[in-house]
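Asks:
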Amino acid sequence: ETGVTQTPRHLVMGMTNKKSLKCEQHLGHNAMYWYKQSAKKPLELMFVYSLEERVENNSVPSRFSPECPNSSHLFLHLHTLQPEDSALYLCASSQDSAGSYEQYFGPGTRLTVT
Amino acid sequence: GNSVTQMEGPVTLSEEAFLTINCTYTATGYPSLFWYVQYPGEGLQLLLKATKADDKGSNKGFEATYRKETTSFHLEKGSVQVSDSAVYFCALSRNSGGYQKVTFGIGTKLQVIP
Numbered sequence: 001e002t003g004v005t006q007t008p009r010h011l012v013m014g015m016t017n018k019k020s021l022k023c024e025q026h027l028g029h030n031a032m033y034w035y036k037q038s039a040k041k042p043l044e045l046m047f048v049y050s051l052e053e054r055v056e057n058n059s060v061p062s063r064f065s066p067e068c069p070n071s072s073h074l075f076l077h078l079h080t081l082q083p084e085d086s087a088l089y090l091c092a093s094s095q096d097s098a099g100s101y102e103q104y105f106g107p108g109t110r111l112t113v114t
Numbered sequence: 001g002n003s004v005t006q007m008e009g010p011v012t013l014s015e016e017a018f019l020t021i022n023c024t025y026t027a028t029g030y031p032s033l034f035w036y037v038q039y040p041g042e043g044l045q046l047l048l049k050a051t052k053a054d055d056k057g058s059n060k061g062f063e064a065t066y067r068k069e070t071t072s073f074h075l076e077k078g079s080v081q082v083s084d085s086a087v088y089f090c091a092l093s094r095n096s097g098g099y100q101k102v103t104f105g106i107g108t109k110l111q112v113i114p
């Protein structure tokens, strides 16, 4: 595997379910991100982990819970979601440095909440 | 705060037409500027970038120049192909305590017809 991978690619869940999204990066980066992509809206940054510590949490509801066990893996745990949480969830990674480097994105998980 | 403004589209062009997608930004200091592209069913990929004023980023026939005086980073291509059909995102990035804080535009959908 190369780059950033995400599983599953598609997920349908009921409002009472609990599920997790997984992201893995094979680039040796040490910052990882969760974004939410909804139609007609800019990408919304949800969480940032730098060196495995959460450094940003953009007022995301507690029904979304991130976990970063090591610099290569990032999870997003989901519980009691709402239909408006249906979206494409993108994971990204970047290299922690003083310069401004691009982020590398995974293909996303298309989530549908019924 | 930082912001990025771009046309939402869709922009529909015939093959071999000239493409311009406008992007303007508001930011403090000296951000890096990027264009990302998202093909159907995929995550975002970096298309090109510029890290300082007057820099020109280029890739696959696309170009954009970092214009600090007009706070713009317009994307251009001289002759589009059907395979260029995708959503294009303008973005700016600042290094924030070791990770990349990225602000994205809303994305411009490009449709190229044969």
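So the sequence lines, in the order shown, correspond to chains E and L. Mapping the first sequence onto the working numbering, position 13 (from 1) lands on 13, and the numbers just tick up by one. Mapping the second sequence onto the working numbering, position 109 (from 1) lands on 109, and the numbers just tick up by one. Beta carbons: idealized from backbone N, C-alpha and C, even for Gly.
Can you tell me whether DSSP reads Val60/E as helix, strand or coil?
Replies: Looking at Val60/E - three-state DSSP - the assignment turns out to be coil, as it is neither helix nor strand.
Asks: From this set, Pro61/E, Ser59/E, Val4/E, Tyr89/E, which residue's C-alpha is nearest Ala31/E's C-alpha?
Replies: Considering only alpha carbons, the answer is Val4/E.
Asks: Looking only at its own chain, which residues have a Cβ that is under 6 Å from the Cβ of Tyr39/L, when we skip the five neighbours before and after it?
Replies: If we look at Tyr39/L and ignore the five residues flanking it on each side, its Cβ neighbours are Ala86.
Asks: Going along the segment 43 to 60 of chain L in order, which residues come within less than 9 Å of chain E, judged by CB to CB distance?
Replies: Those would be Gly43, Leu44, Gln45, Leu46, Lys49, Thr51, in chain order.
Asks: Does any residue of chain L have a CB that is nearer than 8 Å to the CB of Ser86/E?
Replies: With 8 Å as the cut-off, Ser86/E does not count as an interface residue toward chain L.
Asks: Asp54/L: which of Gly41/L, Glu69/L, Leu46/L sits nearest, CA to CA?
Replies: Considering only alpha carbons, the answer is Glu69/L.
Asks: Are Asn22/L and Thr103/L close, meaning C-beta to C-beta below 8 Å?
Replies: Cβ distance not < 8 Å, so Asn22/L and Thr103/L don't count as in contact.
Asks: Within a Cβ cutoff of 8 Å, which residues of the same chain sit near Ser72/E, ignoring the five residues on either side of it in sequence?
Replies: For Ser72/E, where only same-chain residues beyond five positions count, the Cβ hits under 8 Å are Glu24, Gln25, His26.
Asks: At the 8 Å Cβ level, is Lys41/E part of the contact set with chain L, yes or no?
Replies: Chain L, which has a Cβ nearer than 8 Å to the Cβ of Lys41/E, makes this yes.
Asks: Which word fits Lys36/E, buried or exposed, when buried means at least 16 other C-beta atoms lie within 10 angstroms of its C-beta?
Replies: So Lys36/E counts as buried.
Asks: Report the rounded CA-to-CA distance for Met7/L versus Thr108/L, giving the unit in angstroms.
Replies: Straight-line Cα distance between these residues: approximately 6 Å.
Asks: Using 8 Å for Cβ pairs, my map puts Ser93/L next to Thr24/L. What's the rounded Cβ distance?
Replies: Not really, about 16 Å apart at Cβ, beyond 8 Å.
Asks: Check whether the Cβ of Tyr99/L lies closer than 8 Å to any Cβ atom in chain E.
Replies: At least one chain E Cβ lies under 8 Å of Tyr99/L.
Asks: With DSSP as the reference, label Ser83/L as helix, strand or coil.
Replies: Of the three classes helix, strand and coil, the one that applies to Ser83/L here is helix, per DSSP.
Asks: With the cut-off set at 8 Å, would you say Gln100/L and Ser94/E are in Cβ contact?
Replies: For Gln100/L and Ser94/E, yes; Cβs fall inside 8 Å.
Asks: Let me check understanding here. Comparing Cα to Cα, which of His77/E, Ala39/E, Cys68/E, Met13/E lies closest to Leu88/E?
Replies: Per the Cα distances, Ala39/E.
Asks: Based on Cα-Cα distance, which residue from Glu16/L, Ser32/L, Val80/L lies nearest to Glu102/E?
Replies: The option with the nearest alpha carbon to Glu102/E is Ser32/L.
Asks: Applying a beta-carbon distance threshold of less than 8 Å, which residues of chain E neighbour Ile113/L?
Replies: Residues of chain E passing the Cβ test: none, with the nearest at roughly 22 Å.
Asks: Please compile the residues from chain L whose C-beta is within a distance smaller than 7 Å of the C-beta of Gly28/E.
Replies: Per Cβ cutoff of 7 Å: no residues; Gly28/E is ~15 Å from chain L at best.
Asks: Does Glu44/E come out as helix, strand or coil in the three-state DSSP assignment?
Replies: Strand, per DSSP.
Asks: Which residues of chain E have a Cβ atom closer than 8 Å to the Cβ of Gly105/L, listed in chain order?
Replies: Pro42, listed in chain order.
Asks: Take Asn70/E as the anchor and find which of Glu84/E, Glu56/E, Ser62/E, Ser50/E has the nearest alpha-carbon.
Replies: It is Ser50/E whose Cα lies nearest to the Cα of Asn70/E.
Asks: Would you mind stating whether Leu45/E and Glu56/E have Cβ atoms separated by less than 8 Å?
Replies: Cβ distance < 8 Å, so Leu45/E and Glu56/E count as in contact.
Asks: For Gly9/L, I'd like the list of residues in its chain whose CB is within less than 6 Å of its CB, leaving aside the five on either flank, ordered along the chain.
Replies: Excluding positions up to five away in sequence, the list reads Thr108, Lys109.
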